[in-house]
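Let me begin by presenting the structure, written as structure tokens, before commenting on it.
2 protein chains.
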Amino acid sequence: MKKFNIAKSRRLRGTPYSSRIEHQGVTSYTIYNHMLLPASFGSLEDSYHHLKEHVQIWDVAAERQVEISGRDSSKLVQLMTCRDLTKSKIGRCYYCPIIDDNGCMINDPVILKLKDDKWWISIADSDVILFAKGLAIGKKLDVNITEPDVNIIAVQGPKSFDLMGKIFGIKIKDMKFFGFDYFNFGGDDHLIARSGWSKQGGYEIYVNHKKSGLELYDKLFDEGKEFNVKPGCPNLIERIESGLLSYGNDMDNNDNPYECGLDKYVNIDSNVEFLGKDKLIQSSKNGIQKKLMGVQIDIKNISVTESLNLFDNNNKVIGELRSAVFSPHFNKVIGIAMLFKANWEISTKFKINIDGKSVNGTVCDLPFI
Amino acid sequence: MKKFNIAKSRRLRGTPYSSRIEHQGVTSYTIYNHMLLPASFGSLEDSYHHLKEHVQIWDVAAERQVEISGRDSSKLVQLMTCRDLTKSKIGRCYYCPIIDDNGCMINDPVILKLKDDKWWISIADSDVILFAKGLAIGKKLDVNITEPDVNIIAVQGPKSFDLMGKIFGIKIKDMKFFGFDYFNFGGDDHLIARSGWSKQGGYEIYVNHKKSGLELYDKLFDEGKEFNVKPGCPNLIERIESGLLSYGNDMDNNDNPYECGLDKYVNIDSNVEFLGKDKLIQSSKNGIQKKLMGVQIDIKNISVTESLNLFDNNNKVIGELRSAVFSPHFNKVIGIAMLFKANWEISTKFKINIDGKSVNGTVCDLPFI
Chain G
0 MKKFNIAKSR RLRGTPYSSR IEHQGVTSYT IYNHMLLPAS FGSLEDSYHH
50 LKEHVQIWDV AAERQVEISG RDSSKLVQLM TCRDLTKSKI GRCYYCPIID
100 DNGCMINDPV ILKLKDDKWW ISIADSDVIL FAKGLAIGKK LDVNITEPDV
150 NIIAVQGPKS FDLMGKIFGI KIKDMKFFGF DYFNFGGDDH LIARSGWSKQ
200 GGYEIYVNHK KSGLELYDKL FDEGKEFNVK PGCPNLIERI ESGLLSYGND
250 MDNNDNPYEC GLDKYVNIDS NVEFLGKDKL IQSSKNGIQK KLMGVQIDIK
300 NISVTESLNL FDNNNKVIGE LRSAVFSPHF NKVIGIAMLF KANWEISTKF
350 KINIDGKSVN GTVCDLPFI
Chain Z
0 MKKFNIAKSR RLRGTPYSSR IEHQGVTSYT IYNHMLLPAS FGSLEDSYHH
50 LKEHVQIWDV AAERQVEISG RDSSKLVQLM TCRDLTKSKI GRCYYCPIID
100 DNGCMINDPV ILKLKDDKWW ISIADSDVIL FAKGLAIGKK LDVNITEPDV
150 NIIAVQGPKS FDLMGKIFGI KIKDMKFFGF DYFNFGGDDH LIARSGWSKQ
200 GGYEIYVNHK KSGLELYDKL FDEGKEFNVK PGCPNLIERI ESGLLSYGND
250 MDNNDNPYEC GLDKYVNIDS NVEFLGKDKL IQSSKNGIQK KLMGVQIDIK
300 NISVTESLNL FDNNNKVIGE LRSAVFSPHF NKVIGIAMLF KANWEISTKF
350 KINIDGKSVN GTVCDLPFI
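One line per chain: the protein sequences are G and Z, in this order.
With numbering that gives the first Met the number 0, letter number 180 in the first sequence gets 179, and the count goes up by one each step, no holes.
With numbering that gives the first Met the number 0, letter number 8 in the second sequence gets 7, and the count goes up by one each step, no holes.
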């Protein structure tokens, strides 16, 4: 696999923590919401083991917030997602597919209810703000839509609870999963949620001030020494093993939420109005023809940079691989694939062409672990 | 300047030509519309000189098309731009600021009128398709909005005319700037426009079929030997010298088109309805308080990865640098900066902090050449 430099510019802007992570040894970047998102600090595998045992500090400022406030804010937020938010509570996070009028995925953010008339949509990689603005203008909704200057630091891993308790007090250890509250640091109140893009536990700190944010970034490393803290980032191995989906990788605007296995977030039986509801009712009635599943492949190394077809014994395409990585746990490559209906049975065998060589694979359930 | 790898994935997908350009020596990528866009083939300066003398083939598939068709397509397209398109003609390209309801920039595409009810918006780096979808849904417009599988190859440089004439016939050399027509290659009709993101002349081939596109890519190199053809990409030196603006670098959603010097594309006196018209009328009446201008800086090297403040002699901020590069022509750094009103006079002096050192600069007009 050839390596290529990233050409930096203001258009792919850095974060308040970029100078820190570049000093700490970030080795590769991806781009996410027009910003730099670290993708590795040396070996992915070393980071994976460390994340599962200790605690990591992640610069995930690229997880931008679309802030929607005003009289019609709840109406607009509900319009964009097929998850029924009528019973949503202030101080809670909600994983929500964002859907267009075709019932297809536009994003899969976590939505935070800050007030009855103020929401943050904490987005994956697409310009949800433009969709929200277009809808609000077209429907003449009384809302204010902005991207606040909020730059998230994630604290992830089993020792994150002790580290965060040490800095913010014991109360933060009692916070429930997907709950959030406000905590003071450096004279500023920051929203902290019990959340994060790993299954190893932890928090996301929605830092709303650059100066106190940098102080907090440094404090986390100072206080974290006893917990073997390291800089990190969303880890491809851990997130695939855990079955955490990535918008743009595993799913895109050609897929509906049922096809992505997000059935429990599709509330077609509720009374709420949302985009694409008729299409999703139809899809539910007719049944889907493809869905995301796990696959295991009998090789030790892979780099997926585009969809790769999966073939049956008759060389018929049965689906496509969208993300994959070598898993130390399974000692083979595991991945997330979109599979056509005839091939959903667990243990279905397939062939895939990797670097000019045909290799064997097997269909399995998600998540892997 | 430290260098970092780009972490490739399906989310930052390659183009039909990626395998070719990686074989041909691309050295860095940027990300543009969720795709890989080559940013250099070795030395920027060598490519700059070559582009100005010979002909280059560019993989600019990342310039995506938002296709808007249907009964209300003209209405929707006009709604999104402050340029009056009522007299637009089929077979012509139009540079158009895309504007939100605040009168601020969302993108600055070239819009192609394919039919009376079919348009391509050839976008810079933001998800215009989501804005268009939101507006269409909200206003219940009768339109179909898609991203067609079109992957542009640009042929740029003074010898592009001879090369394209050799392949497509003499007729293509008579095409006027920003005109387009259809030409057959490999059994497929491809739209070819006299356009491109350099001021060295050339064409953009809107390739609509992968197989014939790859054949054409190779053909351009075969036939181009006598013209000293090379692979290339939008060149930072050439585009800044030519004053070609880059959305996300030089301007963003905090700027209106007057502030970006795009006055001639703002038709507030026309009868057409477009978003933000009231805000732009107000801005025109009140006058703007900042605008994009050129700057020259007395150093030989720079890498702009974020806005950099410009200071007067009293250490007061007078504007910010947004893009810059060393220019062989001027033998110093030149750049594009947003300057506050008190400092618009040509030859205004300023200071800027580069890598911890204060250096001198001068305000000038755009374009540089």
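For glycine and all other residues, C-beta sits at the position ideal for the given N, C-alpha and C.
Closer than 8 Å to the CB of VAL25(Z) there is at least one CB belonging to chain G.
Classified as buried, ASP99(Z) has 16 or more neighbouring CB atoms from the shown chains inside 10 Å of its CB. Taking CB atoms only, PHE273(Z) has no neighbour in chain G less than 8 Å away. Between the alpha carbons of GLY102(G) and SER125(Z) lies a gap of roughly 22 Å. Sequence-distant partners of GLU52(Z) (beyond 5 residues in either direction) whose C-beta falls short of 6 Å from its own C-beta are missing from its chain. By the rule that beta-carbons nearer than 8 Å mark a contact, PHE3(G) touches chain Z. Per DSSP, the beta bridge partners of HIS189(Z) are PHE182(Z). Of all alpha-carbon atoms in SER346(G), SER322(G) and LYS86(G), the one lying nearest the alpha-carbon of VAL271(G) is that of LYS86(G). For the 8 Å CB-CB criterion, ASP249(Z) and LEU291(Z) form a contact. Here the region 110-120 of chain Z does not lie against the region 109-122 of chain G, with fewer than 3 beta-carbon pairs under 8 Å apart. With fewer than 16 other CB atoms across the displayed protein chains lying within 10 angstroms of its CB, ALA341(G) is exposed. The three-state reading of DSSP puts VAL324(G) in strand, counting E and B together.
With its beta carbon less than 8 Å from one in chain Z, ALA131(G) belongs to the interface. Below the 7 Å Cβ cutoff, chain Z contributes GLU305 as neighbours of ARG12(G), in chain order.
LEU129(Z) and GLY133(G) have their C-alpha atoms spaced approximately 8 Å apart. Under a criterion of Cβ atoms nearer than 9 Å, no residue of chain G is adjacent to GLU203(Z); the nearest Cβ is some 20 Å distant. Nearest CB-CB separation between LYS138(G) and chain Z: below the 8 Å threshold. Judged by DSSP secondary structure, LEU291(G) falls within the beta strand (DSSP E) whose first and last residues are 289-296. Taken in chain order, the whole beta strand (DSSP E) runs of length 3 or more contained in the region 78-158 of chain Z are 92-94, 104-106, 109-114, 117-121, 143-145 and 150-155.
Residues of chain G whose Cβ lies closer than 8 Å to the Cβ of GLY195(Z) do not exist, since the nearest Cβ in that chain is about 19 Å away. Within the region 6-91 of chain Z, the complete beta strand (DSSP E) runs of at least 3 residues fall at 27-31, 34-39, 55-58 and 64-68.
Between LEU36(G) and the set HIS189(Z), ASN4(Z) and TYR264(Z), the nearest pair of CA atoms involves ASN4(Z).
Contacts between ASP141(G) and chain Z, judged by CB atoms closer than 9 Å, are missing: the closest CB pair is about 13 Å apart. Within chain G, no C-beta atom comes nearer than 9 Å to that of HIS208(Z); the closest sits roughly 18 Å away. The continuous beta strand (DSSP E) containing LEU338(Z) extends over residues 331-339. Here MET163(Z) carries a helix assignment [DSSP, helix/strand/coil].
Listed by position along chain Z, the residues whose Cβ is nearer than 9 Å to that of SER125(G) are HIS33, ASP126 and LEU129. Residues of the region 233-260 of chain Z with a C-beta less than 9 Å from any C-beta of chain G: LEU235, SER245, TYR246, GLY247, ASN248, ASP249, ASP251 and ASN252, listed in chain order. The region 229-242 of chain G makes no contact with the region 73-89 of chain G, as fewer than three CB pairs between them are under 8 Å.
For GLY355(Z), the three-state secondary structure derived from DSSP is coil. For ILE239(G), the uninterrupted alpha helix (DSSP H) segment begins and ends at 235-240.
The bridge partners DSSP lists for TYR202(Z) are VAL154(Z).
Among the CB atoms of chain Z, none fall inside 8 Å of the CB of ILE353(G). Contact annotation for THR29(G) against chain Z: ILE5, ALA6, LYS7, SER8, ARG10, LEU11 and ILE30 [CB-CB distance below 9 Å, chain order]. In the three-state scheme derived from DSSP, where H, G and I count as helix and E and B as strand, LEU213(Z) is classed as helix. Within chain Z, the residues placing a beta-carbon under 7 Å from that of ILE105(G) are LEU129, ordered along the chain.
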